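The sequence shown begins at 1 in UniProt numbering and counts up one residue at a time.
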Amino acid sequence: MATTPFSPPTPVRCSLKPSQNPLRIVLSFRASYGGGPVCAKCMPSRVNVCSWGSAASYVRLRDGTDKVGVVRAATIEEIEAEKSLIEKDVKERMEKSIETVRTNFNSVRTGRANPAMLDKIEVEYYGSPVSLKSIAQISTPDASSLLVQPYDKSSLKVIEKAIVSSDLGMTPNNDGDVIRLTLPQLTSERRKELSKVVAKQTEEGKVALRNIRRDALKAYEKLEKEKKLSEDNVKDLSSDLQKLTDEYMKKIETLFKQKEKVQTTQEEQQNSMSCAQLSDKDNVLPSDPLYEKGIKTSGEFQRALDVGPLYF
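This is the structure in C-alpha cells:
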C-alpha cells in the first residue's frame with residue numbers, strides 16, 4: 001500500500017490518551033479545525049501540548065508545566081513482527097499437538113510388541129518421576145514380547161512397580177538383570193476398550209487445536225483494541241487461522257484412520273492364525289478370539305466354516 005508523507009504542525013495542542021495512535025490524533029485535529037494548521041494560541045493554555053518526532057513513531061507531551069513525557073506508537077514493522085510471532089506460535093503449538101497425538105497412538109497396543117508401548121510409563125527414580133525409556137533400553141526379542149534392560153540395576157524394582165500399576169495389562173517378569181514382558185493375546189473386549197482409548201486421544205488432540213486457535217484470536221483482538229489492526233484485518237487473519245486449524249484437524253483425522261486400519265488388520269491376522277491352528281487341537285482356549293464367538297471345539301470350527309467366512 002502506497003503511503004503519503006505527512007508532517008503535522010508543531011506544536012499541536014491536544015488531549016492525548018496513552019493508547020491512541022499519534023497519526024490518528026493529528027488527523028482528527030486537522031478535521032476538527034477545518035483542515036487548517038493548529039497553533040498554540042487556538043487552544044486553552046492548560047491543555048496538553050504534543051509534538052511529533054520526525055520518525056512519526058512517537059508523540060512528545062507537555063502538561064502546561066515543565067513536565068515532558070513521550071508516548072511511543074508502534075511502527076508498521078513492529079505490528080507485522082507481532083503478527084508473525086502469533087502465527088509462528090500457532091504453528092509450533094499445533095505441530096506439538098500432532099506429535100503428542102502420534103505418540104499417544106503409538107503407546108496403544110495394536111497386536112505386535114512395540115517399544116513405544118512403554119513411552120508413557122513414568123518411574124519414580126531417586127525421588128523424581130522420569131520416563132522409563134530415559135533409564136532403560138527397551139527392545140523386542142519377538143513379536144509378542146518386550147525386554148526392558150535398565151542402565152542401573154537398582155531401578156529394577158521401581159520399574160517393575162510402574163509397569164504393574166500401568167493400564168498395559170502385562171505382568172513383568174524380573175529375573176534380577178532384565179524385565180521381560182509377554183503380551184497377552186488381545187480379546188475382542190480388550191480391542192474395543194483400546195479403540196475407545198484411541199478415539200478419546202483423537203478428541204483430546206482436536207480440543208488442543210481449538211484452544212490454540214482461541215488463544216490466537218484473543219491475541220488478534222488485543223491488537224485491534226490497541227488500534228494496531230483494523231476490524232477487517234482481524235477478520236482476514238481469523239479466516240486464515242481457521243483454514244490452518246482445519247488443515248491440522250485433517251492431520252489428526254488421518255492419524256486416527258491409520259491407527260484404526262492397523263488395529264483392524266492385526267485383528268484379522270490374529271483370527272486367521274487362530275483358524276489355521278485350530279485343526280491341530282481339539283479345544284479352543286478361553287483367551288482365543290474364536291472362543292468368544294462360541295467356537296470351543298474343532299467340530300464347532302468346522303461347522304462355522306460351512307456357514308462361510310462372514311461368520312468370522
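Cβ coordinates follow ideal geometry from the N, Cα and C atoms, glycine included. Predicted, not measured: the structure shown is a model, and the values here were computed from it.
- Here Ala113 is not bridged, per DSSP, to any residue.
- Between Ile159 and Ala136, the CB-CB gap stays under 8 Å.
- Residue burial is scored here from C-beta neighbours: Asn104 has at least 16 other C-beta atoms within 10 angstroms and is therefore classed as buried.
- Comparing alpha carbon positions, the residue from Asp236, Lys228, Tyr126, Ile179 closest to Ala81 is Lys228.
- Cβ neighbours of Glu253 within its own chain (closer than 8 Å, five residues either side excluded): Thr202.
- In the structure shown, Ala199 adopts helical secondary structure according to DSSP, grouped into three states.
- Boundaries of the beta strand (DSSP E) harbouring Asp142: 136-142, taken from the DSSP string.
- By the Cβ test, the region 189-205 is not in contact with the region 215-223, since fewer than three Cβ pairs between them sit closer than 8 Å.
- In the DSSP assignment, Val101 falls outside any beta strand (DSSP E) and within the unbroken alpha helix (DSSP H) covering 76-106.
- Shown here, Tyr151 sits in coil according to DSSP, grouped into three states, outside any helix or strand.
- Distances from the CA of Leu183 to each of Lys96, Glu95, Met170 were compared; the closest alpha carbon is that of Met170.
- Glu87 is the residue among Glu87, Thr75, Ile76 whose C-alpha sits nearest the C-alpha of Ser239.
- DSSP, reduced to helix, strand and coil, places Thr182 within a strand of the structure shown.
- The alpha-carbon separation between Lys225 and Gln242 amounts to approximately 21 Å.
- Rounded to the nearest angstrom, the gap between the Cα atoms of Arg210 and Ser166 is 30 Å.
- In its own chain, leaving out the 5 sequence neighbours on each side, no residue places its CB closer than 7 Å to the CB of Glu78.
- According to DSSP, Asn174 shares a beta bridge with Ile179.
- Asp119 places its beta carbon 8 Å or farther from that of Ser128.
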